[in-house]
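Enquirer:
Number of protein chains: 2
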Amino acid sequence: MQTSDPTLAGHPALNERTQHLLKFLVERYIRDGQPVGSRTLSRDAGLDLSSATVRNVMADLEELGYLRAPHTSAGRVPTARGYRFFIDSLLRIKPLDSREIEVLRRRIDQPAQSGAEMARSVSDLLSGVTRLAGIVMLPRRQTMTLRQVEFLPLSECRVLAILVLNSQEVQNRIIQTRRAYDAAELQRAANYLNAQFGGRDIQQVRKALLDELRETRDSLDRLMQTVMEIAEQTFETAPESDDYVVAGQTHLMRYADLSDLDKLRQLFEAFNQKSDLLHLFDQCLHAGGVQIFVGEESGCGVLEGCSVVTAPYGVGDRVLGVLGIIGPTRMAYDRVIPVVDVTARLLAEVLDGQRD
Amino acid sequence: MQTSDPTLAGHPALNERTQHLLKFLVERYIRDGQPVGSRTLSRDAGLDLSSATVRNVMADLEELGYLRAPHTSAGRVPTARGYRFFIDSLLRIKPLDSREIEVLRRRIDQPAQSGAEMARSVSDLLSGVTRLAGIVMLPRRQTMTLRQVEFLPLSECRVLAILVLNSQEVQNRIIQTRRAYDAAELQRAANYLNAQFGGRDIQQVRKALLDELRETRDSLDRLMQTVMEIAEQTFETAPESDDYVVAGQTHLMRYADLSDLDKLRQLFEAFNQKSDLLHLFDQCLHAGGVQIFVGEESGCGVLEGCSVVTAPYGVGDRVLGVLGIIGPTRMAYDRVIPVVDVTARLLAEVLDGQRD
DNA sequence: TTTTAGCACTCTTCGCCTCGGAGTGCCAAC
DNA sequence: GTTGGCACTCCGAGGCGAAGAGTGCTAAAA
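Residue numbers (the working numbering), protein chains in the order written: chain A, 1 to 356; chain B, 357 to 712.
(1) What residues of chain A sit near Glu592 of chain B, judged by a beta carbon separation below 8 Å?
(2) Could you check where the alpha helix (DSSP H) with Ile443 of chain B kicks off and where it finishes?
(3) List, in order along the chain, the chain A residues whose C-beta lies closer than 9 Å to that of Ile681 of chain B?
(4) Going by DSSP, what residue range makes up the beta strand (DSSP E) through Cys306 of chain A?
(5) Under a CB-based cut-off of 8 Å, is Leu617 of chain B close to chain A?
(6) Is there a Cβ from chain B that is less than 8 Å from the Cβ of Thr130 of chain A?
(7) Quick check: what's the CA-CA separation for Pro78 of chain A versus Phe86 of chain A?
(8) Which class does Met357 of chain B belong to by DSSP, given the choice of helix, strand or coil?
(9) Check whether the stretch 522-537 of chain B and the stretch 463-477 of chain B touch, using three or more Cβ-Cβ pairs below 8 Å as the test.
(10) Quick one, which of A:Leu22, A:Pro35, A:Val136, A:Glu156 has its alpha-carbon nearest Arg84 of chain A's?
(11) First and last residue of the beta strand (DSSP E) that includes Arg411 of chain B?
(12) Which same chain residues, not among the five before or five after Asn550 of chain B, have their C-beta less than 7 Å away from its C-beta?
(13) For Ala603 of chain B, which beta-bridge partners are listed by DSSP?
(14) Report buried or exposed for Arg141 of chain A, applying the criterion of at least 16 other Cβ atoms within 10 angstroms of its Cβ.
(15) Could you compute how far the alpha carbon of Gln390 of chain B sits from the alpha carbon of Ser298 of chain A?
(16) Residues of the stretch 222-236 of chain A with a CB closer than 7 Å to any CB of chain B: list them in chain order, please.
(17) Considering only residues of the stretch 498-560 of chain B, which uninterrupted alpha helix (DSSP H) runs meet the minimum length of 4 residues and lie entirely inside it, listed in chain order?
(18) Hey, is the stretch 129-140 of chain A in contact with the stretch 333-344 of chain A, meaning 3+ C-beta pairs nearer than 8 Å?
(19) Does Gln34 of chain A come out as helix, strand or coil in the three-state DSSP assignment?
(20) Give the straight-line distance between the Cα atoms of Arg701 of chain B and Asn272 of chain A, rounded to the nearest whole angstrom.
(21) For Ile648 of chain B, which three-state DSSP category applies?
(22) Select from A:Gly301, A:Val342, A:Thr177, A:Val103 the residue whose C-alpha is nearest the C-alpha of Thr310 of chain A.
(23) Could you pull the start and end residues of the alpha helix (DSSP H) that Val103 of chain A belongs to?
(24) Going straight from the alpha carbon of Ser523 of chain B to that of Leu154 of chain A, what length do you get?
(25) Going along chain A, which residues have a C-beta under 9 Å from Ser523 of chain B?
(26) Rounded to the nearest angstrom, what separates Ile93 of chain A and Arg265 of chain A at their Cα positions?
(27) If you measure from the beta carbon of Thr396 of chain B to each beta carbon in chain A, is any gap under 8 Å?
(28) Classify Asn15 of chain A as buried or exposed, calling it buried when 16 or more other Cβ atoms lie within 10 Å of its own Cβ.
(29) Is there at least one Cβ from chain A nearer than 8 Å to Arg556 of chain B's Cβ?
(30) For the beta strand (DSSP E) containing Leu347 of chain A, name the first residue and the last one.
(31) Count Cβ pairs between the stretch 309-328 of chain A and the stretch 283-294 of chain A that sit closer than 8 Å; are there 3 or more?
(32) Within 10 Å of its beta-carbon, does Gln714 of chain B have 16 or more other beta-carbons around it, so buried, or fewer, so exposed?
(33) My output table needs one value for Leu676 of chain B: the three-state DSSP class, helix, strand or coil.
(34) Per DSSP, Gly78 of chain A is paired with what?
(35) Quick one: residues in its chain with C-beta nearer than 8 Å to the C-beta of Leu481 of chain B, no 5 flanking neighbours on either side, listed in chain order?
(36) Would Tyr244 of chain A and Leu351 of chain A be called neighbours here (beta carbons separated by less than 8 Å)?
This is the structure:
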């Protein structure tokens, strides 16, 4: 999360009163979804100003690009820039109370058979709590710890490789080999790999294998040849490893802001397409905390009118993935931000607890 | 597919001319999505009748419940009953030409690592070809052939069970045991199960295990006790086994018939909910061919305005699952039906080829 | 200098009306 | 049984006016 320094780059200092009015306007717009007029602010903002004065202030804010008027007689609405300033400088986040945190913890701390199952359940949780679309990237395979590897001969030249990762996750891969191996050979290869690499993460394993191969290319004994041929395919980066799970897309259909059916369709297609959003999430992987994209800030056309709130999750100092929500720019940031933040932290805790 | 006998239950005989007009009207409505008036029919249906005569016929068809008029001056639109008659008695299905079939075959005959992957790719295919939402139920686990089973000790009292099914599909399951087993014990148990049950389907295995258990409850030796405890959990019907995959939901957002955002949302929620649709598909499992539900015929409220076309797929005489599409009632049945039909057949072929 | 009251102006929304077009139902004639 | 004719209904587009909301500007007040 960014600090609340009102003199951020590109943001001229606003006096107290102006900030207060902007804050009130954004909050009111988030609540009602209707353009907010000067009378409303004059009456409800608690500043005891006439509507004329408020109008002057609003005109200034429009000039600065924080507000815009849908048409001449319709009050003002925040722009992306307005939301940005609101989020960075005006928003006071209410921390979740401990009861709510407990509920989240219990929902997250369910035994899951796999990373994919975990991701599904957490994105369900996010979407249920925020009533927006929840997104969870699958834990990246490279950062997972290898617990155990086994090989099973299936048929002539087909071997089933089984990886046990993080003690929870099991991944299979059927690999084609150049020659047939018998069970004993495969067992020896597995034993070797387990002894050598058990407890290290996949990335290290791949690197070590490559080094080994380079150094002793020609002098490999029979066992090591077996190991090399099979391990090479086994530890290839899985193509499916960069992926995410979306839940609760239907919530987005309730917002009039997004009622343009065609826009909505494009957004849903982007969820299926995945590449654009994955690119966005990759940027968040090493952000070290909650990150917020308002409207087109994300650089992703289909996200016009949408905001994205993300947080990386991981174990210790290792980032495993990113989770977050997508909703209309007009969302309750003060609630959504802590939910995303806490969910990421709780998930880290739970994964940490499962490490052994 | 039903026969084209025009005297089906509940359907009074219609003379040739009336049938022709109904057929033309339905086809035109499917093409344009606009109510069809008497002038259009008189002009284009090729019968050389005045619009007044056509009006008389249409009034009869409305009386019989095949057509309805959205309002007084808006031409006619088919009712669910009208579509039903059209499909059962009037529709002439154009078989796919061999080029198209070849394209489908190539898309289906991709190596897949698992049933889920296969289901995803086939539902993608269905939705791409028909521009509707494609649905594929995952192959039911009970009907799969057990090729091999292995057990891996993970930690104290946790065992990883690996099932190789149909030589293509690998399933894992982590099971909790009452006492710790060592690798040798597990190996013996696996050997026993493989020798005894390899090549049979899961359903038979479960049944045989239960029988065995009942007959020799007290006299089990140590090996058999091991086998029983572990196998029991391994062969439990997986909860995720009844599931399906949807692709191309976004196509449904293009149809003005479904433009009611709220209806659409409910439909999408039903896709996520799954239970209603699963119930519907279960009915199709043993239908022995293409099955069509028009509008509320399915008994499923959210499917109002939608039709569902399904076909079971399987290997030999064993039904593995159901696939199909969902779209607006106003869909090109003459094309969709053969696509669904052929896809199911091709999938059967491909799965059959992979059996060994 | 800042704030405010007042006023003219703009723009949307709604109801109301009208009008043309599309399509129907019915009747009488063929 | 089929057809032409005609009155009727209904929708949709467009125009009009009133009400309401909100603005910008100006001149006076603080």
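Each residue gets a CB set at the ideal place from its N, CA and C atoms; glycine is no exception.
Expert: In brief:
(1) Ordered by position in chain A, no residue passes the 8 Å Cβ test against Glu592 of chain B, which lies about 13 Å from the chain.
(2) Ile443 of chain B -> no alpha helix (DSSP H), and no H or E assigned at all.
(3) Within chain A, no residue comes near Ile681 of chain B; the closest Cβ sits about 17 Å away, beyond 9 Å.
(4) That run of the beta strand (DSSP E) goes 306-315.
(5) Yes, Leu617 of chain B counts as interfacial toward chain A.
(6) Answer no: the Cβ-Cβ gap between Thr130 of chain A and chain B never drops below 8 Å.
(7) Going from the Cα of Pro78 of chain A to the Cα of Phe86 of chain A covers about 9 Å.
(8) The predicted model places Met357 of chain B with a pLDDT of 45, which falls under 50 and marks its position as unreliable; any figure quoted below should be read in that light. Collapsing the DSSP output to three states places Met357 of chain B in coil.
(9) Remark: three or more beta-carbon pairs, one from each stretch, lie closer than 8 Å, so the stretch 522-537 of chain B and the stretch 463-477 of chain B are flagged as touching.
(10) The shortest C-alpha separation from Arg84 of chain A is found at A:Leu22.
(11) Counting along the chain, Arg411 of chain B falls outside any beta strand (DSSP E), though it belongs to the alpha helix (DSSP H) covering 407-419.
(12) Closer than 7 Å at Cβ, skipping near neighbours: Gln504, Val505.
(13) Bridge partners of Ala603 of chain B: B:Gly490.
(14) Here Arg141 of chain A is buried, its C-beta having at least 16 other C-beta atoms within 10 Å.
(15) Separation of Gln390 of chain B and Ser298 of chain A (C-alpha to C-alpha, rounded to the nearest whole angstrom) is 41 Å.
(16) Residues are counted here when their Cβ sits less than 7 Å from a Cβ of chain B; for the stretch 222-236 of chain A the count is zero.
(17) Along the stretch 498-560 of chain B, the alpha helix (DSSP H) occurs as fully enclosed runs of 4 or more residues at 539-553, listed in sequence order.
(18) Enough Cβ pairs lie closer than 8 Å, so yes.
(19) Coil.
(20) One C-alpha to the other measures close to 27 Å.
(21) The answer is strand: DSSP assigns Ile648 of chain B an E or B state.
(22) Here the closest residue by C-alpha is A:Val342.
(23) Per DSSP, the continuous alpha helix (DSSP H) segment holding Val103 of chain A begins and ends at 98-108.
(24) For Ser523 of chain B and Leu154 of chain A, the distance between alpha carbons rounds to 8 Å.
(25) Correct list: Leu154, Ser155, Arg158.
(26) Taken atom to atom, the span from the alpha-carbon of Ile93 of chain A to that of Arg265 of chain A is near 32 Å.
(27) Not an interface residue.
(28) It counts as exposed.
(29) Interface annotation, Arg556 of chain B: not in contact with chain A, CB-CB separation never under 8 Å.
(30) Per DSSP, Leu347 of chain A lies in no beta strand (DSSP E); the unbroken alpha helix (DSSP H) holding it starts and ends at 333-353.
(31) Taking a cut-off of 8 Å on C-beta distances, the stretch 309-328 of chain A touches the stretch 283-294 of chain A, as three or more cross pairs fall below it.
(32) Outside the shown range of chain B, which is 357 to 712, sits residue 714 of chain B, and nothing can be said about it.
(33) Strand, per DSSP.
(34) Going by the sequence as given, residue 78 of chain A is Pro instead of Gly. Paired residue(s): A:Leu67.
(35) Only Leu460, Arg463, Ile464, Gly490, Thr699 meet the Cβ criterion.
(36) Going by C-beta atoms, Tyr244 of chain A is not nearer than 8 Å to Leu351 of chain A.
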